[in-house]
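First up is the structure itself, then whatever we jot down about it.
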Amino acid sequence: MNRYVRSAAEAKPFPEAAHQALEDSQLRRNVRNATNIIQAKRNAMVAEMPDWEDLRNAGHAIKTHTLKYLDLYLEDFERNVTKAGGQVHWARNAEEANGIITEIIGDHAGDEVIKVKTMTSHETHLNTYLEEHGITPHETDLADLIVQLGNDSGSHIVVPALHINRVQIREIFERRMPLAEIGMDSLSDDPQQLAETARRYLRQKFLGVKIGVSGANFAVADAGAVVIVESEGNARMCVTLPDVLITLVGIEKLVPTFQDLEVFLQTLARSATGERMNPYTSIWTGVTAGDGPQEFHVVLLDNGRTGVLADSERRETLNCIRCGACLNVCPVYHHTGGHAYGSVYQGPIGAILTPQLENLQHARTLPFASSLCGACYDVCPVKINIPEILISLRGEIARSQQNSLAGRLHPENIAMHAMALVFSSSGLLNFSEALARIAQRPFVRKGVINHLPGPLSGWTATRDLMPLARQSFRQWWSKNRRASDQ
Ligand code: SF4
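Residue numbers (this note's numbering): 5 to 490.
Okay, here's the thing in structure tokens:
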């Protein structure tokens with residue numbers, strides 16, 4: 005199956021997809037190796053910043069302020085792009101965005117585009133849409149190119165090909181690239197040779213294709229500018245060489261002023277790739293005669309973002325600067341990799357963003373793909389309280405399930421209501437504990453419970469349970485307090 009063009013509606017519920025992923029030990033090895041390396045580099049880079057917490061607070065404050073006044077900053081941005089000679093288009097959803105981009109390409113009789121920083125366009129399934137309209141998209145970010153040529157989908161928001169090792173990359177290149185034509189007759193697994201092969205392949209595209217489609221890391225309202233940070237230089241080629249440049253940006257990427265970049269350019273590179281600075285930071289606006297693209301379009305995408313914005317409790321989800329740090333520390337992501345999330349946004353940020361953008365069945369399973377350990381919150385450079393949002397989403401999903409008869413009669417729902425009843429009365433709690441102490445006796449072996457029967461067996465499938473203590477804390481407390489009172 006072509007995972008690259010998979011529609012979100014085809015994605016499986018997370019538990020099912022995770023089960024499948026767990027059977028792939030090569031995938032787990034690739035994910036573990038890559039995330040461990042990135043995480044170690046990130047930790048070293050953060051440790052050398054004495055004002056790291058201040059930067060996190062500043063990033064959070066800038067984003068919170070921007071989202072509060074987003075309507076004003078968006079208008080400001082449009083005004084300034086237009087003043088510089090660009091054109092701004094507004095897209096309410098994926099279909100509108102894809103339609104606008106395809107129409108612009110059609111106006112120039114284009115049948116190929118080069119693309120870079122394309123996560124937002126993956127959200128809108130632009131590549132599939134373009135192909136259906138006879139236009140060939142060429143990804144130019146190296147990882148995105150590998151994923152595209154492998155008919156695969158990205159598994160990490162910063163390193164989309166993180167699940168693929170270099171042997172697999174060589175195989176993909178041998179299968180999909182015209183190696184003789186680019187002077188690479190035989191390939192090895194050597195990273196330098198693989199990079200050189202990609203370079204020659206992409207050089208042809210950069211020089212031949214006249215229309216570029218990019219995403220952006222930030223859009224700056226007061227400058228009417230868009231910003232891409234990257235490691236390879238391919239984005240810079242992609243946004244400077246074509247005659248026409250179309251930039252697709254989610255409306256949450258806005259920052260008010262050029263000066264605000266000072267904060268994010270320090271935190272993004274350190275959090276994303278463990279570098280002090282990104283090797284390339286490209287900032288562009290409008291049109292300059294005889295220099296760069298002579299037509300510049302920005303498509304501002306909503307696609308569910310204003311819905312997230314309207315929810316004051318979960319709005320900070322939109323603070324995300326897509327650094328990927330929360331994925332690298334997540335124990336669930338480590339085990340399942342990114343494909344199990346069935347979304348362009350994986351890991352903890354995917355678990356809170358996707359269910360708010362898509363009302364699909366699989367998306368509603370994602371808030372449960374977390375141990376709530378809080379590691380994601382600790383590393384997030386814009387201080388998004390991911391665990392709190394996960395709990396809020398879980399609550400909403402549980403409440404909506406209780407609206408149906410099947411949901412009300414679900415054993416888990418019945419068990420939770422019974423627990424609520426027991427915990428609301430000390431007499432009932434004492435009685436239940438006494439009953440449970442008797443009921444557990446046949447299952448206690450060598451001080452632990454390692455097997456429970458029937459529907460309870462899930463609790464002991466992968467771990468031992470401690471039996472209830474002979475005496476509860478409350479019994480101990482009342483006995484000891486009485487003794488000390490005397
Ligand atoms: S939620 Fe925070 S840590 Fe995760 S990708 Fe977004 S900015 Fe980075």
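Backbone N, C-alpha and C define an ideal beta-carbon position, used for all residues, glycine too.
Closer than 7 Å to a non-hydrogen atom of ligand 1 - does that hold for the CB of residue i?
i: R60; result: no
i: V383; result: yes
i: S482; result: no
i: R326; result: yes
i: S275; result: yes
i: A329; result: yes
i: I395; result: no
i: C380; result: yes
i: V231; result: no
i: I66; result: no
i: P359; result: no
i: I42; result: no
i: I353; result: yes
i: I176; result: no
i: I390; result: yes
i: V386; result: yes
i: I161; result: yes
Whole angstroms are fine: how far does the CA of residue j sit from the CA of residue i?
i: N6; j: D193; result: In this prediction, N6 has a pLDDT of 40, which is less than 50 and means its spatial position is unreliable; nothing more can be read from the coordinates.
i: D115; j: C377; result: 48 Å
i: G346; j: Q172; result: 22 Å
i: H23; j: H366; result: 14 Å
i: G431; j: Q479; result: 12 Å
i: K257; j: A225; result: 10 Å
i: Q197; j: P164; result: 20 Å
i: L183; j: D189; result: 6 Å
i: V426; j: L472; result: 16 Å
i: K214; j: R207; result: 13 Å
i: Y284; j: N238; result: 9 Å
i: V120; j: E266; result: 23 Å
i: V151; j: G158; result: 6 Å
i: F477; j: E437; result: 12 Å
i: Y349; j: H455; result: 37 Å
i: R485; j: S429; result: 21 Å
i: D55; j: A276; result: 18 Å
i: G254; j: L71; result: 12 Å
i: A147; j: H160; result: 10 Å
i: I395; j: R318; result: 11 Å
i: G89; j: N417; result: 58 Å
i: I287; j: R180; result: 33 Å
i: L59; j: N131; result: 36 Å
i: R174; j: G154; result: 11 Å
i: E135; j: V117; result: 11 Å
i: R474; j: F435; result: 14 Å
i: V452; j: T466; result: 13 Å
i: G462; j: I105; result: 49 Å
Can you round the beta-carbon distance between residue i and residue j to whole angstroms, since I take them to be within the 8 Å contact cut?
i: D397; j: P359; result: Correcting the residue identity first, residue 397 is Leu in this sequence and not Asp. That pair is a contact at about 6 Å.
i: V35; j: H167; result: 6 Å
i: E236; j: D145; result: 7 Å
i: I401; j: P446; result: So it is not a contact: roughly 36 Å between Cβ atoms.
i: A220; j: T289; result: That belief does not hold up - the Cβ atoms of A220 and T289 are roughly 11 Å apart, past 8 Å.
i: G216; j: P297; result: 7 Å
i: C324; j: L357; result: 7 Å
i: L272; j: V233; result: 6 Å
i: I139; j: I109; result: 6 Å
i: L331; j: P352; result: 7 Å
For residue i, list the residues DSSP reports as bridge partners.
i: R449; result: V452
i: L76; result: Paired residue(s): none; L76 is not in a bridge.
i: T358; result: Paired residue(s): none; T358 is not in a bridge.
i: Y205; result: Looking at the DSSP assignment, Y205 forms no beta bridge with any residue, so it has no partner.
i: Y349; result: DSSP, once it has assigned bridges, lists no residue as partnering Y349.
i: K119; result: E143 and V217
i: L258; result: A223
i: A273; result: The partner list for A273 (beta bridge, DSSP) is empty, contrary to what the question assumes.
i: T285; result: V233
i: W480; result: In the DSSP output, where bridge partners are listed per residue, W480 has none listed.
i: A113; result: Paired residue(s): none; A113 is not in a bridge.
i: V253; result: L304
i: D295; result: T292
i: L469; result: I453
i: W94; result: L304
i: V248; result: I215 and E299
Q.
Assess contact between the stretch 240-252 and the stretch 296-309, defined as three or more Cβ pairs (one per stretch) separated by less than 8 Å. Is contact present?
A. As far as the Cβ criterion goes, the stretch 240-252 touches the stretch 296-309, which means the pair count is three or higher.
(Q) If contact is defined by three or more beta carbon pairs under 8 Å, each pair taking one atom from either stretch, is the stretch 307-319 in contact with the stretch 94-112? (A) At 8 Å Cβ cutoff, the stretches touch.
**Q.** Touching by the beta-carbon criterion (3+ pairs, under 8 Å), the stretch 50-60 and the stretch 378-388
**A.** The answer is yes - the stretch 378-388 touches the stretch 50-60, with three or more Cβ pairs under 8 Å.
Q | Segment contact flag, the stretch 404-413 with the stretch 84-94, C-beta cutoff 8 Å, min 3 pairs | A | With a cut-off of 8 Å, the stretch 84-94 and the stretch 404-413 do not count as touching, because too few Cβ pairs lie within range.
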